[in-house]
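Colleague: Starting off with a structure, shown below.
Protein chains in written order, with this note's numbering: chain D, -2 to 114; chain C, 82 to 283; chain H, 155 to 760.
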């Protein structure tokens, strides 16, 4: 029977879906998150139109969209409250994917611009 | 007692033992989402490599409509909000709340697709096709794959909605909706990346 | 003890009526049967790929030969590579993951049994689709690596490349599903007490390989979509007049292609890590290091891809980066070799056939590794690339590394699949024939390459003065064929007349040896609880009692299903229908697939 088995981690038979071990976000939290995401999007679009910010546009946009990305992942996709195993199996490939994008941009856009590619 | 939270859909078949304590379906789905990051990452890097490399027009600077796409982005973000609320409702056992929520996600998702369809036809009328130039090829393929994913998600949600209305989505089975939700949110975060890298960073 | 071999009451929704064997195989979700399906199919395609290799070597036996036309040669060498990588190397690893991993971790099946079946049927249908191109004389002819823009509609107007891109797209999807399946299985279905650092090394390598599969194959999928859209829908991804860059194809392809070769070799490392300890009667030396080095190889393997592109003009910074990363990856690889040697050191070595193949693997793989480090140095590579030196290198690591390990695994686990031992005497005959023949074929190719003979070309001039070496290389093929014929004869004979093996003929350490040979459908009468890395050495009574003793009262197995094969047909159909050149035709296949998936989702699984 399950009781006598040696445990490495805690057992949550079917508990994970309905009762997250770490905490429980309520629907009000989700609405607030939604408002935050909308505000960030509005800021992104706003910055896009402000001429004076053209120089720092790219890094700020990358930062803000990364922020939105992780907010959705951690709250809506519940990773903040769920087992770290899910985070590991998702973030490891995501890390590679990010390296792929950065690597390709460097190989095709950055190196040639400096005459070394 | 570790054995307390056993789901009794089928009394003779308690939740099977797992080494991590996590539901197998959910774990497998997160692995799948991991692989999808590589799929979209490769598509996005292709787009970035070919950005501004088109030899003939129409060019991205002429066609991309930021205000319009901001609205569709907002619509997709709100669909994610509707999704978490729908899941919450189903987990609480509210069939009505769940149905409204899932329907809302499907409607908002379809609205997003409507915006995409409008954008595609508008670009087409401006002379941009898959074959015109690198912008046409890369833009339509990248956003096309994303749109295909959204479409699949809408179909998935409608199937679940029917299942719910027939009484087939009690709290004990909410994992099925949760998985669909993970898929939906993933499609949303891919769009967050696309909106920034394709539309905003020019 | 008295109740060993007791029969367990296995619950199936429709308990056993005599099943038609073909229907049983078409609807099975049992990992062991699916593993055998993969294995038999892969061995069949190994013969196909071997025939293709033989044709290549006959053509190259003498200069200006006209045995194969240039066009025929292009098809044969392309299909040789494509077959060996995608229809042999990967499926045979998956065959072993399927059969062995659930047994090694003390599980009854994989995490997603129907998905498992789906992967196999997509593989089979996709493989048949690709090879059907031979029937119309338009087999893929752009190399297994399909470089753009040779593969464009402009320069490859026939259907050859279409078969290649569409077939591989289907196969890639199947592989990704398999990767997801095995990662989930290994993470979630381990028996109680089997912490990750107590898993058998083969299972560890299966986990790392699966991680590479789910990360690398999606990149290939994108590359294949781009070339498919260029060819069918007129996109401009690799059309130079539109600004398209063929080098983008190479980056995408090798970003997949390099992890792919680690996908091919890590299972071999796992096999050898199982066999050497057993036949040295010593635990694996440096288990933790073997795990970490495997993980490092998997990770760094993602950062070396452009060493296949040193001649494309990436510039000094990129060249230097990839030179360094490629050299670095040799370190964890070399560490493994030392650990295997250290395992044997001081052990009681039994030179059975599996052990001979394993030791042979160490030697030949190391030779291949040395030529690999030579390639890593980008200035050297400028001379070596596109010559037979590269061909020698990768055949040493792939045949010497992978195939030797596969043959070792065949002798090693055959008793578990069948309950019978293969003939060890004929195994040794087969080993020496194959070892000698293999070296005869590929050792000269180091010289052939450095002396200037290019690869991927259907003939060469007599003035190169390489005819003798080429003849020696070809002669070796026939020695290998003899060796493989002996092997197949051994398999067929042993199936009927091999000595009964019992559960654990070799004195193996891991859980698969606790079950009967072959195991019952449910694998273990009770799921064992483990406390050590070598349960069959250190706690065998408990392990055997769990496996073969008093069964659990309710053993639940997933029922058979025809939805996987139905859905698989739709999946492959989606890609095949591109050939109609009607843009909407693939949607038919997609619809078929979706119908299959929905029915699958609502099928009762209890």
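Ideal Cβ positions, reconstructed from N, Cα and C, are used throughout, including at glycine.
According to DSSP, is residue 282 of chain C helix, strand or coil?
Modeller: Three-state DSSP puts residue 282 of chain C in coil, outside helix and strand.
Colleague: Identify whether residue 547 of chain H lies in helix, strand or coil by the three-state DSSP scheme.
Modeller: DSSP places residue 547 of chain H in helix when its eight states are reduced to three.
Colleague: Using the Cα positions of residue 200 of chain C and residue 230 of chain C, report the straight-line distance between them to the nearest angstrom.
Modeller: Whole-angstrom Cα-Cα distance: 17 Å.
Colleague: Excluding five sequence neighbours on each side, which residues of the same chain lie with their C-beta closer than 6 Å to the C-beta of residue 166 of chain C?
Modeller: Within the same chain, residue 166 of chain C has close Cβ partners 182.
Colleague: Starting from the beta carbon of residue 102 of chain D, find every residue of chain H whose beta carbon is closer than 8 Å, and list them in chain order.
Modeller: Within chain H, no residue comes near residue 102 of chain D; the closest Cβ sits about 12 Å away, beyond 8 Å.
Colleague: Could you please tell me which residues of the region 131 to 142 of chain C, in chain order, have their CB closer than 7 Å to any CB of chain H?
Modeller: Within the region 131 to 142 of chain C, the qualifying residues are 134, 135 and 136.
Colleague: Taking residue 252 of chain H as the reference, which of H:192, H:296 and H:304 has the closest Cα?
Modeller: Selected option, being the one with the closest Cα: H:192.
Colleague: First and last residue of the alpha helix (DSSP H) that includes residue 114 of chain H?
Modeller: In the structure displayed, chain H extends from 155 to 760; residue 114 of chain H sits before or after that span and is not available.
Colleague: By DSSP, does residue 710 of chain H sit in helix, in strand, or in coil?
Modeller: Three-state DSSP puts residue 710 of chain H in a strand.
Colleague: Since residue 359 of chain H and residue 448 of chain H should fall inside the 8 Å C-beta cutoff, what is the C-beta to C-beta distance between them, to a whole number of angstroms?
Modeller: With 8 Å as the limit, residue 359 of chain H and residue 448 of chain H qualify as a contact, their Cβ atoms being about 6 Å apart.
Colleague: Assign residue 50 of chain D to one of two classes, buried (16 or more other C-beta atoms within 10 Å of its C-beta) or exposed (fewer than that).
Modeller: Label assigned to residue 50 of chain D: exposed.
Colleague: By a C-beta neighbour count over all protein chains shown, 10 Å radius and 16 as the cutoff for buried, is residue 177 of chain C buried or exposed?
Modeller: Exposed: under 16 other Cβ atoms inside 10 Å.
Colleague: Do residue 371 of chain H and residue 329 of chain H have their C-beta atoms within less than 8 Å of each other?
Modeller: Yes, Cβ-Cβ distance for residue 371 of chain H and residue 329 of chain H is below 8 Å.
Colleague: So, at 8 Å on beta carbons, what are the nonlocal neighbours of residue 400 of chain H in its own chain, with the 5 sequence-adjacent residues on each side left out?
Modeller: So the qualifying residues of the chain are 301, 302, 303, 392 and 394.
Colleague: Going by alpha carbons, who is nearest to residue 253 of chain C out of C:215, C:175 and C:115?
Modeller: The candidate whose alpha carbon is nearest that of residue 253 of chain C is C:175.
Colleague: Per the DSSP calculation, residue 574 of chain H is bridged to which residue(s)?
Modeller: According to DSSP, residue 574 of chain H bridges with H:654.
Colleague: Mapping DSSP to helix, strand and coil, what is residue 569 of chain H?
Modeller: DSSP places residue 569 of chain H in helix when its eight states are reduced to three.
Colleague: Using CA coordinates, which residue listed in H:424, H:450 and H:451 is at the minimum distance from residue 438 of chain H?
Modeller: With distances taken between Cα atoms, residue 438 of chain H lies closest to H:424.
Colleague: Would you tell me roughly how many angstroms separate the C-alpha atoms of residue 209 of chain C and residue 147 of chain C, rounded to the nearest one?
Modeller: Using only the alpha carbons, I get a separation of about 17 Å.
Colleague: What span of residues does the alpha helix (DSSP H) with residue 107 of chain C cover, start to end?
Modeller: Start and end: 105 to 131.
Colleague: Is the region 216 to 223 of chain H touching the region 605 to 620 of chain H, taking contact as three or more C-beta pairs under 8 Å?
Modeller: Result yes; three or more Cβ-Cβ pairs closer than 8 Å.
Colleague: Along the chain, where does the alpha helix (DSSP H) containing residue 219 of chain H start, and where does it finish?
Modeller: Element bounds for residue 219 of chain H: n/a, residue is neither H nor E.
Colleague: Given that residue 158 of chain C touches chain D, what residues does it touch there, using C-beta distances under 9 Å?
Modeller: Correct list: 31, 34, 35, 38, 65 and 69.
Colleague: Output the residue ranges of the alpha helix (DSSP H) runs that lie fully inside the region 133 to 170 of chain C and measure 4 residues or longer, sorted by chain position.
Modeller: Counting whole runs of 4 or more residues, the region 133 to 170 of chain C contains the alpha helix (DSSP H) stretches 141 to 144.
Colleague: Whole-angstrom Cβ separation of residue 339 of chain H and residue 264 of chain H, contact assumed at under 8 Å?
Modeller: Confirmed, Cβ separation roughly 4 Å.
Colleague: Along chain H, which residues have their Cβ under 9 Å away from the Cβ of residue 90 of chain D?
Modeller: Neighbours of residue 90 of chain D on chain H, chain order: 365, 368, 369 and 372.
Colleague: Report whether the distance from the Cβ of residue 68 of chain D to the nearest heavy atom of the ligand MG is below 7 Å.
Modeller: The ligand MG is not part of this structure, which contains no ligands at all.
Colleague: Start and end of the alpha helix (DSSP H) containing residue 93 of chain D?
Modeller: From DSSP, the alpha helix (DSSP H) with residue 93 of chain D extends over 81 to 102.
Colleague: Just to check my reading of the structure: residue 361 of chain H and residue 428 of chain H have Cβ atoms closer than 8 Å, yes? What is that Cβ distance to the nearest angstrom?
Modeller: Not a contact, Cβ separation roughly 15 Å.
Colleague: Hey, residue 644 of chain H and residue 581 of chain H: beta-carbon distance below 8 Å or not?
Modeller: Taking 8 Å as the Cβ cut-off, residue 644 of chain H and residue 581 of chain H qualify as a contacting pair.
Colleague: Quick one: Cα of residue 375 of chain H to Cα of residue 323 of chain H, how far?
Modeller: If you take the alpha carbons of residue 375 of chain H and residue 323 of chain H, they lie about 6 Å apart.
Colleague: Along chain H, in chain order, which residues have C-beta atoms closer than 8 Å to that of residue 93 of chain D?
Modeller: Those within 8 Å of residue 93 of chain D in chain H are 369 and 456.
Colleague: If we count the other Cβ atoms within 10 Å of its Cβ and call it buried at 16 or more, is residue 294 of chain H buried or exposed?
Modeller: Result: buried.
Colleague: According to DSSP, simplified to helix, strand and coil, what is residue 608 of chain H?
Modeller: Residue 608 of chain H: strand per DSSP, three-state reduction.
Colleague: Report back the beta-carbon spacing between residue 849 of chain H and residue 715 of chain H to the nearest angstrom; my notes put them in contact at under 8 Å.
Modeller: This structure does not reach residue 849 of chain H, given that chain H is present from 155 up to 760, and the question cannot be answered.
Colleague: Give the DSSP-derived three-state secondary structure of residue 759 of chain H in the structure shown.
Modeller: Note: residue 759 of chain H maps to coil in three-state DSSP.
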